[in-house]
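Report on the following structure.
Numbering (mature numbering (1 follows the signal peptide of the UniProt record, and there is no 0)), first residue to last: -21 to -1, 1 to 303.
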């Protein structure tokens, strides 16, 4: 049973934001894309508190924001000199929206609790011609490479990559990621029709088609579900059962289990003292941890409710564990 706070957030998504209307209809989504293209959103972050500084440190043609806590935990002090350790955070927004308040709050919490600088690129959004999967991936690689050789003030070593929704296409901490741009798995379609109050199939296919940029939807650049998983570093994947993207999260989890059915595998333990929902598991070698939260919707770890706070605690523990 979801908490009262989660139910209130769900009602807000369903009846106030009414995002489902655009995500469920291709023409409505095209109208949203056109409106956002003609009147782009600001990329500037909100105020994140007196203990958080935000600085723009562009190293490529994309705006790049550095979120830094005023006081790093003692365990991170040794990383304070250039190159500083950093997380690259690739925000979601269905490939069409800039980073929202919940993305910036997550970046600030990560900076406070891990001591990492959190770097947030404002990558191009569809339908711009430079917003295809291949160009976005190349752009992120360019940022990582240039940060490693930048002047002292801007030099960083990327030790963690995180992303949600559309941003989760390219990440190692995956929050409700888009893993298959086809958006056609039967379970995905069923969950969208029966339980998901936020996302819908037809509208999501429109933006995913723009993002694929002419590549086959089974190509691993737009659809990481089909990529090679043998050389990946540790991965944390979180999804809710009332998110249509949960179906593809389960398919990725099955690959790490060698093709087993969802729900199989070893029970996952907590990280940093955080509790883990029943049914979560990790692969035998510990490289992959899957957290599936019952009754939760899209990007639930970023939302302002009890389950979201628990998920964020788990993420912080995972990141800190792999900094050691």
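Just so it is clear, CB atoms sit at the ideal spot from N, CA and C, and this is done for glycine as well.
Shown here for residue 212: same chain residues with a beta carbon closer than 7 Å to its own, the five before and five after excluded, namely 151 in chain order.
Excluding its 5 nearest sequence neighbours in each direction, residue 4 has C-beta neighbours in its own chain below 8 Å: 179, 181, 182, listed in chain order. About 6 Å separates the beta carbons of residue 101 and residue 77, which is inside the 8 Å limit, making them a contact pair.
DSSP places residue 9 within a helical segment (H, G or I) once states are collapsed to three. Along the stretch 59 to 100, the beta strand (DSSP E) occurs as fully enclosed runs of 3 or more residues at 63 to 69, 96 to 100, listed in sequence order.
Apart from the 5 residues on each side of it in sequence, residue 139 sits with its Cβ closer than 6 Å to the Cβ of 66, 298 in its chain, given in chain order. Judged by their CB atoms, residue 90 and residue 46 are nearer to each other than the 8 Å cut-off. Its Cα nearest to that of residue 20, the residue 11 stands out among 26, 200, 11.
For residue 237, there is no enclosing beta strand (DSSP E), as DSSP marks it with neither H nor E. For the pair of segments examined, the stretch 211 to 230 was found not to touch the stretch 125 to 136: the number of CB pairs separated by less than 8 Å stays below three. Straight-line measurement puts the Cα of residue 93 at about 14 Å from the Cα of residue 84. By the beta-carbon neighbour count (other beta carbons within 10 angstroms, threshold 16), residue -6 is exposed. According to the DSSP assignment, residue 125 belongs to the alpha helix (DSSP H) that extends over 112 to 128. In terms of Cβ geometry, residue 48 and residue 31 form a close pair [threshold 8 Å]. Residue pairing of residue 160 in beta bridges, as defined by DSSP: absent, with no partner found.
Using a C-beta cut-off of 8 Å, the stretch 155 to 173 makes contact with the stretch 221 to 231, since at least three inter-stretch Cβ pairs fall below that distance.
Per DSSP, the unbroken alpha helix (DSSP H) holding residue -11 starts and ends at -18 to -10. Going by DSSP, residue 152 is part of the beta strand (DSSP E) stretching over 152 to 154.
40 is the residue among 40, 268, 266, 14 whose C-alpha sits nearest the C-alpha of residue 122. In the three-state reduction of the DSSP assignment, residue 43 falls in the strand class. Within its own chain, the residues whose Cβ lies closer than 6 Å to the Cβ of residue 217, once the five positions on either side in sequence are excluded, are 154, 270, 280, 290, listed in chain order. Residue 35 places its beta carbon 8 Å or farther from that of residue 25.
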